[in-house]
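Peer 1:
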Amino acid sequence: MASRRPGNQTGVNELLHRKRGEQFRHAQNVRNSRTHISSAHATIRNKPTLPINFTNLSLNDEEVHEPKKPEEEQQSSSRSPLKCSGPGPPKSWVAKLTTPQDLCATPSWRLDALLLLYSHLAVSTPTQRVLPLSVLCLLPLVTSCTISELRDTVLPFIPPHLKKEVVRYTAIHDPLSTSRLFLLYEQEGHADGEIIIVGPNTSIRDDYFIQSNQEPRPDGSSAPQPQGTPSDEEEEDWETEDNSPKLLQTFAAVSTRLSMSTILTLPPTITHLALINLSSSIALHRLPKACPLLIFLDLSFNEWLEYPTSETLKSLDRVDWSRWSHLRTLGWRQCVVPDGMLVKLNTGRWDEINVVR
Numbered sequence: 001m002a003s004r005r006p007g008n009q010t011g012v013n014e015l016l017h018r019k020r021g022e023q024f025r026h027a028q029n030v031r032n033s034r035t036h037i038s039s040a041h042a043t044i045r046n047k048p049t050l051p052i053n054f055t056n057l058s059l060n061d062e063e064v065h066e067p068k069k070p071e072e073e074q075q076s077s078s079r080s081p082l083k084c085s086g087p088g089p090p091k092s093w094v095a096k097l098t099t100p101q102d103l104c105a106t107p108s109w110r111l112d113a114l115l116l117l118y119s120h121l122a123v124s125t126p127t128q129r130v131l132p133l134s135v136l137c138l139l140p141l142v143t144s145c146t147i148s149e150l151r152d153t154v155l156p157f158i159p160p161h162l163k164k165e166v167v168r169y170t171a172i173h174d175p176l177s178t179s180r181l182f183l184l185y186e187q188e189g190h191a192d193g194e195i196i197i198v199g200p201n202t203s204i205r206d207d208y209f210i211q212s213n214q215e216p217r218p219d220g221s222s223a224p225q226p227q228g229t230p231s232d233e234e235e236e237d238w239e240t241e242d243n244s245p246k247l248l249q250t251f252a253a254v255s256t257r258l259s260m261s262t263i264l265t266l267p268p269t270i271t272h273l274a275l276i277n278l279s280s281s282i283a284l285h286r287l288p289k290a291c292p293l294l295i296f297l298d299l300s301f302n303e304w305l306e307y308p309t310s311e312t313l314k315s316l317d318r319v320d321w322s323r324w325s326h327l328r329t330l331g332w333r334q335c336v337v338p339d340g341m342l343v344k345l346n347t348g349r350w351d352e353i354n355v356v357r
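Read the sequence shown against UniProt numbering and you will find it ends at 357, with the numbers running on by one and no gaps.
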């Protein structure tokens, strides 16, 4: 077996030393530097030993990159944008990527708008990552079936409380169309005591509550008799199961049009009312007479309350807050608070109303 001769090893070291010297002198010529090789000897040891054209190679490079010349570095540095100190440009200089209408059509905004109502109703489903199995199975049927299939073969077998869960979920993530939404409300006029309408593509008829009281029910029965007035043929029995439909207690309208005739015909049984981001103003002083049993009222995100006109301020000043003796929570987010409103709001009350702003 042939042994390595020391002469060959010495020759290799000399070649490497000569190559390093040529590389250093070339770098000095490029930089126009007069530094002697002896003064830079300590730093040369830490430099790559490959030739200059191969020092910038990496595993992801497809070609050899040569180092930039000083002239190219100066040009690239001069082209880079300069950051000036001080505040940023005014909002009028920045292009508006989204309009307020686009912002109100996002699930995050709808969740923020309905969060106060949902928290007061102890609703946790819309914020959950995993849906309940019942809602997960019912959603494809409600959204994919035709209107006739939904009316005839699906909804007659769905209990009202599941319809309510579907409406609560879709109100945030993907609001249903007017035809599909009111199919869920067709049997009783609401879904287990709730009506939630989210626009702008969904609206309610002006005479909805008038016709819902006059129209016969799908099973052919008439409107339910008031409680406490049983018929003569039926005897009261405390063991008999009460099959009377639930009364409407919650009504919410978000980003839609709501006429004053609809508000004046709201059932007086409503205890939770949310009128959020309505397209037009309403006469607020007429609300206490229409809904005297309110516990919760949310008027947030209404532009006509954020920038009220003189007529709106007059109507707000005429509100008889004392008629809402059961009112506990008032949603007033992004709305102006006129002088004296909070004083009138809490006059004659033992406990102050919780105003959410």
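Heads up, the beta-carbon is just placed ideally off N, CA and C, and yes, glycines get one too.
Note that the structure is predicted; figures quoted are calculated from it, not measured.
Thinking C-beta only, is L299 closer than 8 Å to W332?
Peer 2: For the purposes of this step, residue 332 is taken as residue 332 along the sequence shown, with counting starting at 1. For the purposes of this step, residue 299 is taken as residue 299 along the sequence shown, with counting starting at 1. Yes; because the gap between Cβ atoms is below 8 Å, this pair is in contact.
Peer 1: How close, in whole Å, do the beta carbons of F296 and T256 come, if the pair is a contact with beta carbons under 8 Å?
Peer 2: Position 296 of the sequence shown, counted from the first residue, corresponds to residue 296. Position 256 of the sequence shown, counted from the first residue, corresponds to residue 256. Actually they do not touch by this definition, with Cβ atoms about 19 Å apart.
Peer 1: Please confirm whether R168 and V142 have their CB atoms less than 8 Å apart.
Peer 2: Within the sequence shown, the letter at position 168 stands for residue 168. Within the sequence shown, the letter at position 142 stands for residue 142. It is not a contact, given that the beta carbons lie outside the stated cut-off.
Peer 1: Can you tell me which of the three DSSP states E303 falls into?
Peer 2: Position 303 of the sequence shown, counted from the start, is the residue given in the question as residue 303. Correct three-state label for E303: helix.
Peer 1: Check the C-beta distance from L114 over to A171 and give it rounded, since I have them as a contact under 8 Å.
Peer 2: If you number the sequence shown from 1, residue 114 lands on position 114. If you number the sequence shown from 1, residue 171 lands on position 171. 6 Å between Cβ atoms; contact.
Peer 1: Measuring only the C-alpha atoms, how far is L273 from W350?
Peer 2: For the purposes of this step, residue 273 is taken as residue 273 along the sequence shown, with counting starting at 1. For the purposes of this step, residue 350 is taken as residue 350 along the sequence shown, with counting starting at 1. So the two alpha carbons sit approximately 23 Å from each other.
Peer 1: For K164, count the other beta carbons within 10 Å of its own beta carbon; 16 or more makes it buried, fewer makes it exposed. Which is it?
Peer 2: On the sequence shown, residue 164 is found 164 positions in, with the first residue counted as 1. Buried, by the Cβ-count rule.
Peer 1: Counting along the chain, where does the beta strand (DSSP E) carrying residue 443 start and finish?
Peer 2: In the structure displayed, the chain extends from 1 to 357; residue 443 sits before or after that span and is not available.
Peer 1: Using the rule of at least 16 other Cβ atoms within 10 Å of the residue's Cβ for burial, across every protein chain shown, is residue 358 buried or exposed?
Peer 2: Since the first residue shown for the chain is 1 and the last is 357, residue 358 is missing from the structure and cannot be characterised.
Peer 1: Assign P175 to buried or exposed, taking buried as 16 or more other Cβ atoms, counted over all protein chains shown, within 10 Å of its Cβ.
Peer 2: Translated into the one-based positions of the sequence shown, residue 175 becomes position 175. A buried status is given to P175, since no fewer than 16 other beta-carbon atoms sit within 10 Å of its beta-carbon.
Peer 1: Considering only the alpha carbon of each residue, which of L247, A105, V154, S259 lies closest to I204?
Peer 2: Residue mapping note: residue 204 aligns to position 204 of the sequence shown, counting from 1. Nearest C-alpha to I204: S259.
Peer 1: Quick one: using the 10 Å Cβ neighbour count with 16 as the cut-off for buried, is T262 buried or exposed?
Peer 2: As a position in the sequence shown, residue 262 is number 262, starting the count at 1. With 16 or more Cβ atoms within 10 Å of its Cβ, T262 is classed as buried.
Peer 1: Please state the DSSP three-state secondary structure of N32.
Peer 2: Residue 32 sits at position 32 when you count from the first residue of the sequence shown. In the structure shown, N32 sits in coil (DSSP, three-state: anything other than H, G, I, E or B).
Peer 1: So, using beta-carbon positions, are V123 and V198 closer together than 8 Å?
Peer 2: Residue numbering aside, residue 123 sits at position 123 when the sequence shown is read from its first letter. Residue numbering aside, residue 198 sits at position 198 when the sequence shown is read from its first letter. The answer is no: Cβ separation not under 8 Å.
Peer 1: Quick one: any contact between the region 143 to 157 and the region 105 to 112, if contact means 3 or more CB pairs under 8 Å?
Peer 2: no
Peer 1: Start and end of the alpha helix (DSSP H) containing F182?
Peer 2: What you label residue 182 is simply residue 182 of the sequence shown in a count that begins at 1. F182 -> alpha helix (DSSP H) spans 178 to 184.
Peer 1: Could you tell me which of F209, F182, H285 sits nearest to P268, measuring between CA atoms?
Peer 2: For the purposes of this step, residue 268 is identified with residue 268 of the sequence shown, where counting begins at 1. The shortest Cα separation from P268 among F209, F182, H285 belongs to F209.
Peer 1: Could you tell me which of L264, F251, C335 sits nearest to D207, measuring between CA atoms?
Peer 2: Numbered from its first residue, the sequence shown carries residue 207 at position 207. It is L264 whose Cα lies nearest to the Cα of D207.
Peer 1: Would you list the one or two residues that DSSP bridges to H272?
Peer 2: By one-based count along the sequence shown, residue 272 stands at place 272. According to DSSP, H272 bridges with T250, F296.
Peer 1: What is the rounded straight-line gap between the Cα of N277 and the Cα of L117?
Peer 2: Residue 277 sits at position 277 when you count from the first residue of the sequence shown. Residue 117 sits at position 117 when you count from the first residue of the sequence shown. Their Cα atoms are separated by approximately 14 Å.
Peer 1: Beta-carbon within less than 6 Å of V319's beta-carbon, same chain only, minus the 5 sequence neighbours each way: which residues are those?
Peer 2: As a position in the sequence shown, residue 319 is number 319, starting the count at 1. These residues qualify, in order along the chain: L284, H285.
Peer 1: Could you say if the region 306 to 324 and the region 131 to 149 meet the contact criterion of at least three C-beta pairs nearer than 8 Å?
Peer 2: no
Peer 1: Let me check one thing: in DSSP terms, what residues is G11 bridge-paired to?
Peer 2: Along the sequence shown, one-based indexing puts residue 11 at 11. Note: G11 sits in no beta bridge, so no partner.
Peer 1: Leaving aside the five residues before and after F182 along the sequence, list all residues of the same chain whose C-beta is less than 6 Å from its C-beta, in chain order.
Peer 2: Position 182 of the sequence shown holds residue 182. None.
Peer 1: Measure from the alpha carbon of H161 to the alpha carbon of each residue in S119, E188, K289, then state which is nearest.
Peer 2: Reading the sequence shown from its first residue, position 161 is the one you call residue 161. Per the Cα distances, E188.
Peer 1: From the DSSP output, in three-state form, read off residue 359 for me.
Peer 2: No statement about residue 359 is possible, as the shown extent of the chain runs from 1 to 357 and does not include it.
Peer 1: So is T106 buried or exposed if we call it buried at 16+ other beta carbons inside 10 Å?
Peer 2: Counting from 1 along the sequence shown, the entry for residue 106 is found at position 106. T106 is exposed by the Cβ-count criterion.
Peer 1: Output the boundary residues of the beta strand (DSSP E) element that contains L330.
Peer 2: Mapped onto the sequence shown, residue 330 falls at position 330. Per DSSP, L330 belongs to the beta strand (DSSP E) from 329 to 331.
Peer 1: Less than 8 Å between the C-beta atoms of I270 and L305, yes or no?
Peer 2: For the purposes of this step, residue 270 is taken as residue 270 along the sequence shown, with counting starting at 1. For the purposes of this step, residue 305 is taken as residue 305 along the sequence shown, with counting starting at 1. L305 sits away from I270, with the two beta carbons spaced by 8 Å or more.
Peer 1: Short check: CB of K289 to CB of W321, under 8 Å?
Peer 2: In the sequence shown, residue 289 corresponds to position 289, counting from 1. In the sequence shown, residue 321 corresponds to position 321, counting from 1. Here K289 is not near W321, since their CB atoms are 8 Å or more apart.
Peer 1: Counting along the chain, where does the alpha helix (DSSP H) carrying V135 start and finish?
Peer 2: Locating residue 135 in the sequence shown gives position 135, where the first residue counts as 1. It spans 133 to 144 - the alpha helix (DSSP H) in which V135 sits, taken as one unbroken run.
Peer 1: From what residue to what residue does the beta strand (DSSP E) around V356 run?
Peer 2: In the sequence shown, the residue the question calls residue 356 occupies position 356. First-last of the beta strand (DSSP E) with V356: 354 to 356.
Peer 1: Per DSSP, A191 forms a beta bridge with which residues?
Peer 2: Within the sequence shown, the letter at position 191 stands for residue 191. Paired residue(s): E194.
Peer 1: Which two residues bound the contiguous alpha helix (DSSP H) that contains V167?
Peer 2: Within the sequence shown, residue 167 is the residue found at index 167, counting from 1. First-last of the alpha helix (DSSP H) with V167: 160 to 173.
Peer 1: Assuming L184 and V166 are in contact, meaning their beta carbons sit under 8 Å apart, how far apart are those beta carbons, in whole angstroms?
Peer 2: As a first step, residue 184 must be located in the sequence shown, where it is residue number 184. As a first step, residue 166 must be located in the sequence shown, where it is residue number 166. Correct: roughly 7 Å between the Cβ atoms.
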